[in-house]
Amino acid sequence: MHIIPQLDLSGQTEDWQSEFNHLITSGQQLLEAVGLGCDTALLEQAAQAEKLFPVRAPWPLVRKIKPGDANDPILKQLLASGPELLDVAGYVADPLEETAATQTPGLIHKYHGRVLLTFASQCVTNCRYCFRRHFDYESNRLNQQKLRQISEYLASDTSIKEIILSGGDPLSVGNGQFQRFFDALEKIEHIDKVRIHTRVPAVIPARIDKEFVNILAKSKHKIVVVVHVNHAQELDEHFDFAMQQLRQQGVTLLNQSVLLKGVNDSADALINLSERLFTAGVLPYYLHLLDQVSGAAHFYVSQKLATNLHKQMQSKLPGYLVPRLVREIAQEKSKTWIL
Ligand SMILES: *Cc1c(COP(=O)(O)O)cnc(C)c1O
Ligand code: SF4
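Residue numbers 1 to 339, in the numbering used here, belong to the letters of the sequence shown in order.
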């Protein structure tokens, strides 16, 4: 399988490439890796559920799972499981109506002033709750022609100030492609911010290599990196180092999490996460209610419980360590804040 199909690999020898290329790609491998290979019920469920959405789990993240613990918060996010097969009312393939907001393939323009580019056609890890589980990456895959159309769209709308690189995971493409993208962007005067939404720093921190940091450092744009971390257990000193490299270049570092049943649905887990992120120089930005995508209903935490957890966070943390609790309502002009 080609993990990074559009990568320009010339001159790249860093070991993060082998971490991208040697993923765990089945529930069985994953269960064996964490000492649960004898659990026939989990094995069978995974075998069924991964037919709908494959398992992709990089080793640096898998090594952070507590061996033998079927309830480990990282394992829950990576292992295909039986409940994904359930058809639950209200859960749909495209809960955010992104297809309708796609102006030109690869570009989603929903909110004033900022557009989202599906810069990469896959993620390095498949999060089981992903709202883009069913996204049509194939027809949104960027090629020269689509990039030209996107450039024209961006150039023609001067209200667009910010480009958000999203995914798939933008950091699953190589540095060469990033460089070419930044070069092309220089020509569009009215864009002054580039935001990168990525799960990679918590998953393969070595991806934040010198060359990548230099590309950001040379850019004339203000850069915001929004990492995606759901539990403090995902973070280690390699993550801290990666964030430090970015911070030294003046990159703004934020985090977004999804509130997930069985993963981070306790005040302690959320408070620890905020504190741990801050240690790495990252501020919590959003705590999302689950987008109701089919196959992920078992992760849903109700708005009532979410509000309660959020209040507990507010009572224990300084305001800047309390993320905004939000949900996305299709057709609204921004995320909806839940107060
Ligand atoms: C979430 C999202 C954004 C970013 O919204 P912010 O509130 O600026 O973080 C932009 N475009 C789309 C399509 C989104 O889903
Ligand atoms: S990193 Fe984000 S886009 Fe990628 S699978 Fe996870 S939730 Fe989905």
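The C-beta atom is built at its ideal place from N, Cα and C for all residues, glycine as well.
Cβ shell of Ser26 (< 6 Å), same chain only, five flanking positions each side left out:
Here residue 26 corresponds to residue number 26 of the sequence shown, with the count starting at 1. Correct list, in chain order: Val55.
Take every Cβ of the region 183 to 197, pair it with every Cβ of the region 161 to 170, and state whether three or more of those distances are shorter than 8 Å.
yes
Backbone secondary structure at Thr13 - three-state DSSP
Position 13 of the sequence shown, counted from the first residue, corresponds to residue 13. Its pLDDT being 43, under 50, Thr13 is placed unreliably by the model, and nothing is read from it.
Since I believe Lys261 is in contact with Val301 (beta carbons under 8 Å), could you give me their beta-carbon distance rounded to a whole number of angstroms?
Against the sequence shown, residue 301 aligns to sequence position 301. Against the sequence shown, residue 261 aligns to sequence position 261. Yes, Val301 and Lys261 are in contact; Cβ-Cβ is about 5 Å, under 8 Å.
For Gly295, count the other beta carbons within 10 Å of its own beta carbon; 16 or more makes it buried, fewer makes it exposed. Which is it?
Position 295 of the sequence shown, counted from the start, is the residue given in the question as residue 295. Buried, by the Cβ-count rule.
Alpha carbon to alpha carbon, how far is His112 from Asp240? Give it in angstroms, no decimals.
Translated into positions along the sequence shown, residue 240 becomes position 240. Translated into positions along the sequence shown, residue 112 becomes position 112. Answer to the nearest angstrom: the Cα atoms are 33 Å apart.
Continuous alpha helix (DSSP H) assignments of at least 4 residues falling wholly in the region 147 to 199
175 to 186
Could you give the distance in angstroms between the alpha-carbon of Trp337 and the alpha-carbon of Leu325?
Within the sequence shown, residue 337 is the residue found at index 337, counting from 1. Within the sequence shown, residue 325 is the residue found at index 325, counting from 1. Near 6 Å, if we compare the C-alpha coordinates of Leu325 and Trp337.
Check whether the Cβ of Gly295 lies closer than 7 Å to any heavy atom of ligand 2, and answer yes or no.
Locating residue 295 in the sequence shown gives position 295, where the first residue counts as 1. Not so, every heavy atom of ligand 2 lies at least 7 Å from the Cβ.
Could you give the distance in angstroms between the alpha-carbon of Ile271 and the alpha-carbon of Arg132?
Start at 1 with the first residue of the sequence shown, and residue 271 comes out as number 271. Start at 1 with the first residue of the sequence shown, and residue 132 comes out as number 132. Near 27 Å, if we compare the C-alpha coordinates of Arg132 and Ile271.
Within 10 angstroms of the Cβ of Asn21, are there 16 or more other Cβ atoms? Answer buried if so, exposed if not.
Within the sequence shown, numbered from 1, the residue matching residue 21 stands at position 21. Exposed: under 16 other Cβ atoms inside 10 Å.
So does Ala101 have its beta carbon nearer than 7 Å to some heavy atom of ligand 4?
Of the ligands this structure carries, namely ligand 1 and ligand 2, none is ligand 4.
Is it buried or exposed, His228, if we count other Cβ atoms within 10 angstroms and call 16 or more buried?
Position 228 of the sequence shown holds residue 228. Flag for His228 reads buried.
Might you give, ordered along the chain, the residues of its own chain that have their beta carbon closer than 6 Å to the beta carbon of Leu287, omitting 5 neighbours on each side?
Locating residue 287 in the sequence shown gives position 287, counting from the first residue. Excluding residues within five positions, the ones whose Cβ falls inside 6 Å are Ser257, Leu259, Pro323 and Leu325.
CA-to-CA distance, Lys66 to Gly35, given in whole angstroms:
Within the sequence shown, residue 35 is the residue found at index 35, counting from 1. Within the sequence shown, residue 66 is the residue found at index 66, counting from 1. Rounded to whole angstroms, Gly35 to Lys66 spans 9 Å at the Cα level.
For Trp337, list the residues DSSP reports as bridge partners.
By 1-based counting over the sequence shown, the position of residue 337 is 337. Answer is Val326, bridged to Trp337.
Name the DSSP bridge partner or partners of Ala111?
The residue you call residue 111 lines up with position 111 of the sequence shown. With the sequence shown as reference, residue 111 is identified as Tyr, and Ala is not the correct amino acid for it. The partner list for Tyr111 (beta bridge, DSSP) reads Arg114.
How is Leu254 classed by DSSP in three states: helix, strand or coil?
Numbered from its first residue, the sequence shown carries residue 254 at position 254. Leu254 falls in the strand class under three-state DSSP.
Would you identify the three-state DSSP class for Ala57, choosing helix, strand or coil?
As a working mapping, residue 57 is identified with position 57 in the sequence shown. In the structure shown, Ala57 sits in a strand (DSSP, three-state: E or B).
Around the Cβ of His190, are there at least 16 other Cβ atoms within 10 angstroms (buried) or fewer (exposed)?
Sequence index remark: in the sequence shown, residue 190 carries index 190 (1-based). Answer is exposed; the Cβ neighbour count stays below 16.
Does the region 144 to 155 come into contact with the region 85 to 93, if we say contact requires no fewer than three beta-carbon pairs (one atom in each stretch) closer than 8 Å?
no
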